[in-house]
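Visitor: Just so you know, the sequence shown maps onto residues -19 to 393 in the numbering used here.
Below is the structure I would like to discuss, written out as structure tokens.
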Amino acid sequence: MEFFIIITLLLVGFVLITLQIRSNAQKTNNSNNNKLVQQIIDLKSKLSAKEERIKILNEKIKDAQETKKETEERLTKEFENLANKILDLNSEKFKKQNKEQIDTLLSPLSEQIEKFKKKVEDTNEKGVERNAMLMQKIISLESLNNKLSQDAINLANALKGDSKTQGDWGESRLELLLEKSGLTNGVHFSTQAAYKDDEGKLKKPDFIINLPENKHLIIDSKVSLTAYVEYYNAEDEITEQQAIKRHIDSIKRHYMELSDKDYPNLYGINTPDHVLMFVPNEPALMLALNEDKNLYLNALEKNIVLVSASTLLATLSTVASIWKQEDQKRNALDIAIAGGKLYDKFEGFVQDLLKVGKSLKSSTDSYEDAISKLTEGRGNIIKKIENLKDLGAKTKKSLPPEIIDRVNQDEDN
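The structure is reproduced here in structure tokens:
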């Protein structure tokens, strides 16, 4: 019995202990559950805060991406503008502008050089042409002289007894001779120009030849044909000798009258003391000179030089040659003046060219400085912009390889 009581007590004790243990376990579980619930609540609160922060960060990231995109586009545009400005300095447009500027500077110089060259060539060509023309004119004048002599004989009968007609014919022959010699009326000679003597009387020499340095040569035509024609038509020696004497007297009378006019002392004329007396019919003059050996010297003492077409040709050819030399001198002077002007223009061109060179050097230096700022040093602009591309910036174009190579070379150095 006692045994059953002990067993019962043990069972009761075991049950009580078990219940106590369960009660304690329950309390412990409840406490743990409460802690877990509180932890869950805290975690949810923290999670909610984190989610809010993540949302804010996402918005900031979005804003940053938009700002980054805008900055990237702005930097790309600015770089392109800067690169275009720099590259334009060495572009075809810049070369064209420089070419136009240099062409503008060279154009007047080229024109002056061409004018100078043409003037020199013209002078040389004219010199050769003039020599050839001079020979041709001498031949032509010889033929003309023969024609004049023949014309004089043919016209002699018609001119007999009419001094005025004879004088006009002689002057026309002399003017023709002057023109055939290469002299120009109004330029190299003048006809019937009026001058005053010391008493104020007007006198008109037949022809005044203009010489360089404002000097002159006077030629007066005198025709003696009447007695010469009588000599030519004489049928006997006595008539012949009488006609020759009258012919010589006619020539003497002409040179005496010409000497009395004292043409060399006319106001405004700068001439030697001698005046040329032109006898258009050369055979008539030769006849008088052959018959009277002192005729030429006697005329010379009166400051009159007797000339025919053939003897006058040499003088006129000399005058024409003097004028040609004078023209060549003037051409040489013009060439010298043109050369001086050309030199001055060339000096100005050189100065402008030096300015262009300095401008080109300055532009090149500015270009190199700008490129250096873009490509050299740590954190240079080119590198930063390329990094944007590496970070995922979407681009359709790439920077020129030579720019990238320059950056890489700088980093290697």
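All C-beta atoms, glycine included, are put in the ideal place defined by N, C-alpha and C.
Helix, strand or coil for V299 per DSSP?
Guide: Locating residue 299 in the sequence shown gives position 319, where the first residue counts as 1. Correct three-state label for V299: helix.
Visitor: Which two residues bound the contiguous alpha helix (DSSP H) that contains T171?
Guide: The residue you call residue 171 lines up with position 191 of the sequence shown. Premise fails: T171 lies in the beta strand (DSSP E), F169 to T171, not in any alpha helix (DSSP H).
Visitor: According to the neighbour-count rule (16 or more other Cβ atoms, all chains shown, within 10 Å of its Cβ), is P380 buried or exposed?
Guide: On the sequence shown, residue 380 is found 400 positions in, with the first residue counted as 1. Exposed, because fewer than 16 other Cβ atoms sit within 10 Å of the Cβ of P380.
Visitor: By DSSP, does K398 sit in helix, in strand, or in coil?
Guide: Given a span of -19 to 393 for the chain in the structure shown, any question on residue 398 remains unanswerable.
Visitor: With a Cβ-Cβ cutoff of 9 Å, do L238 and D177 count as a contact?
Guide: In the sequence shown, residue 238 corresponds to position 258, counting from 1. In the sequence shown, residue 177 corresponds to position 197, counting from 1. Contact: no.
Visitor: With which residues is S201 paired in a DSSP beta bridge?
Guide: On the sequence shown, residue 201 is found 221 positions in, with the first residue counted as 1. Answer is F258.
Visitor: Quick check on A268: buried or exposed, where buried means 16 or more other Cβ atoms within 10 Å of its Cβ?
Guide: The sequence position of residue 268 within the sequence shown is 288, counting from 1. Buried.
Visitor: Given this structure, state the Cα-to-Cα distance separating D385 from L334, to the nearest angstrom.
Guide: Sequence index remark: in the sequence shown, residue 385 carries index 405 (1-based). Sequence index remark: in the sequence shown, residue 334 carries index 354 (1-based). One C-alpha to the other measures close to 34 Å.
Visitor: Assuming T145 and I198 make a contact with CB atoms under 8 Å, what is their CB distance in whole Å?
Guide: Sequence index remark: in the sequence shown, residue 145 carries index 165 (1-based). Sequence index remark: in the sequence shown, residue 198 carries index 218 (1-based). Going by Cβ atoms, the distance from T145 to I198 rounds to 23 Å, so no, they are not a contact pair.
Visitor: Mind checking which residues open and close the beta strand (DSSP E) that includes I189?
Guide: In the sequence shown, residue 189 corresponds to position 209, counting from 1. Element bounds for I189: F187 to L191.
Visitor: Might you give, ordered along the chain, the residues of its own chain that have their beta carbon closer than 7 Å to the beta carbon of F169, omitting 5 neighbours on each side?
Guide: On the sequence shown, residue 169 is found 189 positions in, with the first residue counted as 1. L158, L163, F187, I188, I189 and N190, listed in sequence order.
Visitor: Within its chain, find whatever has a CB closer than 6 Å to the CB of I224; leave out the 5 residues flanking it on each side and keep chain order.
Guide: Along the sequence shown, one-based indexing puts residue 224 at 244. So the qualifying residues of the chain are Y211 and E271.
Visitor: May I ask which residues mark the beginning and end of the beta strand (DSSP E) holding L286?
Guide: As a first step, residue 286 must be located in the sequence shown, where it is residue number 306. From DSSP, the beta strand (DSSP E) with L286 extends over I284 to V287.
Visitor: Provide the residue span of the alpha helix (DSSP H) that contains A174, from first to last.
Guide: Here residue 174 refers to the residue found at position 194 of the sequence shown. Unbroken run through A174: none, as it is neither H nor E.
Visitor: Note down the Cα distance separating I34 from I21, rounded to an integer number of angstroms.
Guide: Against the sequence shown, residue 34 aligns to sequence position 54. Against the sequence shown, residue 21 aligns to sequence position 41. Computed Cα separation, rounded: 20 Å.
Visitor: Whole angstroms is fine: what's the gap from K369's alpha carbon to N388's?
Guide: Taking the sequence shown and counting its residues from 1, one reaches residue 369 at position 389. Taking the sequence shown and counting its residues from 1, one reaches residue 388 at position 408. Cα to Cα, the separation comes out at about 16 Å.
Visitor: What do you get for G372, buried or exposed, if any count of 16 or more other CB atoms within 10 angstroms of its CB means buried?
Guide: For the purposes of this step, residue 372 is taken as residue 392 along the sequence shown, with counting starting at 1. Exposed, by the Cβ-count rule.
Visitor: Just the Cα atoms here: how many angstroms apart are H254 and N283?
Guide: Taking the sequence shown and counting its residues from 1, one reaches residue 254 at position 274. Taking the sequence shown and counting its residues from 1, one reaches residue 283 at position 303. The alpha-carbon atoms of H254 and N283 are separated by roughly 4 Å.
Visitor: List the residues that DSSP assigns as beta-bridge partners of K195.
Guide: Residue 195 sits at position 215 when you count from the first residue of the sequence shown. Looking at the DSSP assignment, K195 forms a beta bridge with L191.
Visitor: Is A289 closer than 9 Å to P260 when the C-beta atoms are compared?
Guide: By 1-based counting over the sequence shown, the position of residue 260 is 280. By 1-based counting over the sequence shown, the position of residue 289 is 309. Closer than 9 Å, so yes.
Visitor: Does the separation of the CB atoms of N278 and K232 fall below 9 Å?
Guide: Counted from its first residue, the sequence shown places residue 278 at position 298. Counted from its first residue, the sequence shown places residue 232 at position 252. Yes, they are a contact pair.
Visitor: Does DSSP classify L277 as helix, strand or coil?
Guide: As a working mapping, residue 277 is identified with position 297 in the sequence shown. Helix at L277.
Visitor: Going straight from the alpha carbon of E446 to that of T298, what length do you get?
Guide: What the structure shows of the chain is the stretch from -19 to 393, and residue 446 is not part of that stretch, so it cannot be assessed.
Visitor: Leaving out the 5 sequence neighbours to the left and right, which residues in its chain are closer than 6 Å to D43 when beta-carbon positions are compared?
Guide: For this step, residue 43 is matched to residue 63 along the sequence shown. Nothing listed; no residue qualifies.
Visitor: Smallest Cα separation from G248: which of Y208, K184 and A264?
Guide: For the purposes of this step, residue 248 is taken as residue 268 along the sequence shown, with counting starting at 1. The candidate whose alpha carbon is nearest that of G248 is K184.
Visitor: Quick check: the Cα distance between N367 and S342, rounded to an integer number of angstroms?
Guide: In the sequence shown, counting from the first residue as 1, residue 367 sits at position 387. In the sequence shown, counting from the first residue as 1, residue 342 sits at position 362. If I take the Cα positions, the gap works out to 32 Å.
Visitor: From S204, Q305, A294 and K309, pick the residue whose C-alpha is nearest to that of M266; which is it?
Guide: For this step, residue 266 is matched to residue 286 along the sequence shown. Nearest option by C-alpha distance: S204.
Visitor: Suppose you measure from the CA of L182 to the CA of A174; what does that come to, to the nearest Å?
Guide: Translated into positions along the sequence shown, residue 182 becomes position 202. Translated into positions along the sequence shown, residue 174 becomes position 194. Cα to Cα, L182 sits roughly 6 Å from A174.
Visitor: Under three-state DSSP, which class holds N360?
Guide: Here residue 360 refers to the residue found at position 380 when the sequence shown is read from its first residue. If DSSP states are grouped into helix, strand and coil, N360 belongs with coil.
Visitor: Using three-state DSSP, classify N388 as helix, strand or coil.
Guide: Reading the sequence shown from its first residue, position 408 is the one you call residue 388. In the structure shown, N388 sits in a helix (DSSP, three-state: H, G or I).
Visitor: V285 to L292, Cα distance in whole Å?
Guide: In the sequence shown, the residue the question calls residue 285 occupies position 305. In the sequence shown, the residue the question calls residue 292 occupies position 312. Taking the straight line from one Cα to the other gives about 10 Å.
Visitor: Going by Cα to Cα distance, which pick from I36, D307, G147 and K374 is closest to M257?
Guide: In the sequence shown, counting from the first residue as 1, residue 257 sits at position 277. When each option's Cα is compared against that of M257, the closest is G147.
Visitor: So for N165, helix, strand or coil by DSSP?
Guide: The residue you call residue 165 lines up with position 185 of the sequence shown. In this structure, N165 counts as strand in the three-state DSSP scheme.
Visitor: Quick one: residues in its chain with C-beta nearer than 6 Å to the C-beta of E151, no 5 flanking neighbours on either side, listed in chain order?
Guide: Reading the sequence shown from its first residue, position 171 is the one you call residue 151. Excluding positions up to five away in sequence, the list reads D186 and S201.
Visitor: Would you kindly work out how many angstroms separate the C-alpha atoms of L156 and S230, rounded to a whole number?
Guide: Counting from one through the sequence shown, the residue named residue 156 turns up at place 176. Counting from one through the sequence shown, the residue named residue 230 turns up at place 250. If you take the alpha carbons of L156 and S230, they lie about 24 Å apart.
Visitor: What's the gap between the Cα of D332 and the Cα of L340?
Guide: The count along the sequence shown starts at 1 and reaches residue 332 at position 352. The count along the sequence shown starts at 1 and reaches residue 340 at position 360. So the two alpha carbons sit approximately 12 Å from each other.
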